[in-house]
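Input: a single structure, listed below in structure tokens.
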Amino acid sequence: MSQQATAAPPAEPERPASHLFYVTRLRRPLVDRADGIYFWTRDGRRFIDGSSGPMVSNIGHGNRNVIEAMRRQMDKTTFAYRLHFENEPAEELARRLAGKMPGDVDGIFFVSGGSEAVESAIKLARQWAVAIGQPKRWKVICRFPSYHGGTIGALGVTGDLALTETFAPQTTAMPAVPAPTAYRDRDNLTMEQRGIRYADMLEEKILAEGPDSVVAFIMEPIGGAATAALVPPDSYFVRVREICDKYGILLIHDEVMSGAARTGKYLGGDHWNCRPDIITMSKGIGSGYAPLGAMAASRRVIRPVLDMGGFQHGYTYAGNPLACAAGLAVLDEMERLGCEANAAAMGELLIRELAGLAKRFPFLAGVRGKGLLIGADMVADPGTFQPLPKDKNANQRLLDLAYERGLIIYSRRIRGDGMELDNFILAPPLIITREQIGEMVGILGDSLEALAAELDLPVDR
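With the numbering used here as the guide, the letters of the sequence shown map in order to residues 22 to 482.
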């Protein structure tokens, strides 16, 4: 048993009801400080940040070099509106990010977060269609399940009824194709054949909608919140690009979770040498030190829009000098600390450890991921991926049991298309060590043991 599992936390003084309407139902303890992969609360408890928040804190907490860089920028200016001034941090960060993008994707538009980046990409795709004389193109095909953000526009390309159903009357729901969950398929096809079959579903959807009405296809190269680190077959990527080229459709890669070295390469798509037309990023590029995101686009998309009069879009904090100074320092630290290489090496260790837990706990299935973006499903039958009964509330219980033992994980129950499935993600900061991986997996094992006892799930002793 882990040390965290045996030590009862001291009682925290009762606090008055919060005026923050987004406070969780459980009233989590007050955070005091954070350093590396750990948080400490006011009552003295320590937590491993096993999910980097919502896959944000890629370089870990309390990095003094980033904090000092932000302090230096604060002594100059914390704000300069992009229509009034250029600023050096934004210019330099754009140049550095452009150098990490594939092909001619070198135009950078800064935002404050992932939802804003996706909104920007959708609007740029639409303006590009108008600018090249194809105004009938407006549909953005997405995948189901998928998650692309919480704003109304981003919800339109999100395939998760648990998040979209309430807002359906206010949202233009876009056409969707199945996400390439080939690991769950039980057929006689090879993984390569399955990848092509899932990609061909995109072509079928384009033809059904009318090719002249479709402007883009948006996808996560490696799945995030909705599919828990889903990795498609290699053949999927090549075929998707061929289909987009065939019908003159833009390919948008949502790298909000999979980007910024999270998967062992700077972009998730880099594992397949992908060449999307537009890329959205956030989370790891600011690593929690400042609200920061970016949309990157190819010249062939940007030029017609600029020639037509400019991008009809913007945000107050786009290109904020303080946020961009933080982003520059984060990028420097990623390179200094070797985050890509460490994510790849520690990811190999973590996926082996999680696969070991799946042998011990047969209700774990579909262990998958790249780098330090690792996920698994919790199922009633690993052979058929039959979901656990909803009333067991397995995803929330695992999250709570791990939290009680000092480990933060990311857990969801995806709903829609006749399917409900519990899954979870492990995505610790990219600075994690081998010893810390062991500590994290030990607590997760204790939590799964407790979950199995509570829900009467099978355990292999």
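From the three backbone atoms N, C-alpha and C, an ideal C-beta is built for every residue, glycine too.
DSSP-derived helix/strand/coil call for residue i
i: TYR59; result: strand
i: MET22; result: The predicted model places MET22 with a pLDDT of 42, which falls under 50 and marks its position as unreliable, so this point remains unresolved.
i: SER432; result: strand
i: ILE395; result: strand
i: ARG207; result: coil
i: THR27; result: Unreliable placement is indicated for THR27, whose pLDDT of 44 sits below 50; the coordinate value is still reported in the next sentence. Helix, per DSSP.
i: GLN214; result: helix
i: ILE88; result: helix
i: GLN333; result: coil
i: ILE306; result: helix
i: ASP467; result: helix
i: LEU447; result: strand
i: GLN417; result: helix
i: LEU442; result: strand
i: HIS82; result: strand
i: VAL52; result: strand
i: GLY170; result: coil
i: GLY290; result: helix
i: GLY314; result: strand
i: MET278; result: coil
i: PHE495; result: What is shown of the chain runs 22 to 482, which leaves residue 495 out entirely.
i: TYR424; result: helix
i: ILE453; result: coil
i: GLY368; result: helix
i: ASP255; result: helix
i: CYS295; result: coil
i: ALA220; result: helix
i: ARG283; result: coil
i: LEU476; result: helix
Closer than 7 angstroms: residue i CB and nearest the ligand NAP heavy atom
i: SER141; result: Of ligands this structure carries none, so the ligand NAP is not represented either.
Bridge partner(s) assigned by DSSP for residue i
i: PHE238; result: ILE162, LEU272
i: SER319; result: VAL126
i: GLN407; result: ASP402
i: GLY377; result: According to DSSP, GLY377 bridges with nothing at all.
Spatially closest choice to residue i from the options, by CA coordinates
i: ASP402; options: LEU358, ALA90, PHE382, THR193; result: PHE382
i: GLY124; options: GLY331, GLU460, SER234, ASP298; result: ASP298
i: LEU370; options: ARG48, LYS267, GLU456; result: GLU456
i: PRO199; options: PHE188, MET212, PRO190, LEU223; result: LEU223
i: ARG63; options: VAL52, GLY120, SER72; result: VAL52
i: PHE165; options: LEU409, GLU441, ASN108; result: GLU441
i: ILE395; options: LYS380, ILE264, VAL252; result: VAL252
i: VAL462; options: LYS97, GLY377, PRO479; result: GLY377
i: MET122; options: LEU375, CYS295, CYS345; result: CYS295
i: ARG373; options: ARG205, VAL400, TYR336, LEU447; result: LEU447
i: ILE217; options: GLU230, PRO232, PRO201; result: PRO201
i: ARG207; options: ALA473, GLY404, LEU358; result: GLY404
i: GLN417; options: ASP443, ASP477, LEU272, GLU137; result: ASP443
i: ALA101; options: LEU472, ASN86, TYR338, LEU352; result: TYR338
i: ALA194; options: THR179, VAL259, ARG215; result: THR179
i: ALA473; options: LEU393, ALA415, GLY335; result: ALA415
i: ALA344; options: GLU241, THR98, LEU358, GLY120; result: THR98
i: ARG484; options: ARG67, PHE42, TYR43, ARG48; result: Residue 484 lies beyond the residue range present for the chain, which begins at 22 and ends at 482; the question has no answer from this structure.
i: TYR59; options: LEU375, PRO450, ALA471; result: PRO450
i: ASP481; options: LYS380, LYS413, VAL388, GLY331; result: LYS380
i: ARG389; options: PHE445, ALA471, LEU352, ARG103; result: PHE445
i: GLY289; options: ASP255, GLU263, HIS40, LEU313; result: ASP255
Endpoints, the beta strand (DSSP E) within which residue i is located
i: GLY387; result: 385-391
i: THR301; result: 299-302
i: VAL198; result: 197-199
Extent of the continuous alpha helix (DSSP H) run through residue i
i: ARG67; result: That residue, ARG67, is in no alpha helix (DSSP H); its beta strand (DSSP E) goes 67-70.
i: VAL126; result: Counting along the chain, VAL126 falls outside any alpha helix (DSSP H), though it belongs to the beta strand (DSSP E) covering 126-132.
i: MET355; result: 342-358
i: ILE243; result: No alpha helix (DSSP H) holds ILE243; DSSP gives it neither H nor E.
i: PRO190; result: From DSSP, PRO190 is part of no alpha helix (DSSP H); its letter is neither H nor E.
i: LYS144; result: 135-152
i: LEU176; result: 173-177
i: MET76; result: 73-76
i: GLU113; result: 109-119
i: LEU184; result: 182-185
- Task: Could you tell me whether the segment 419-426 touches the segment 465-480, where touching means 3 or more Cβ pairs closer than 8 angstroms?
- Result: yes
- Query: Does the count of Cβ pairs from the segment 350-368 and the segment 396-415 closer than 8 angstroms reach three?
  - Reply: no
- Task: Indicate whether the contact test is met: 3 or more Cβ pairs, each with one atom in the segment 76-91 and one in the segment 307-315, closer than 8 angstroms.
- Result: yes
- Would you check if the segment 109-117 and the segment 267-277 touch, i.e. whether three or more CB-CB distances between them fall below 8 angstroms? no
- Query: Should the segment 276-291 be regarded as contacting the segment 231-238, the criterion being three or more beta carbon pairs within less than 8 angstroms?
  - Reply: no
- Evaluate the contact criterion for the segment 245-260 versus the segment 426-434: three or more CB pairs, one atom per stretch, below 8 angstroms. yes
- Query: Taking one C-beta from the segment 318-326 and one from the segment 85-95 each time, how about it: are there three or more such pairs within less than 8 angstroms?
  - Reply: no
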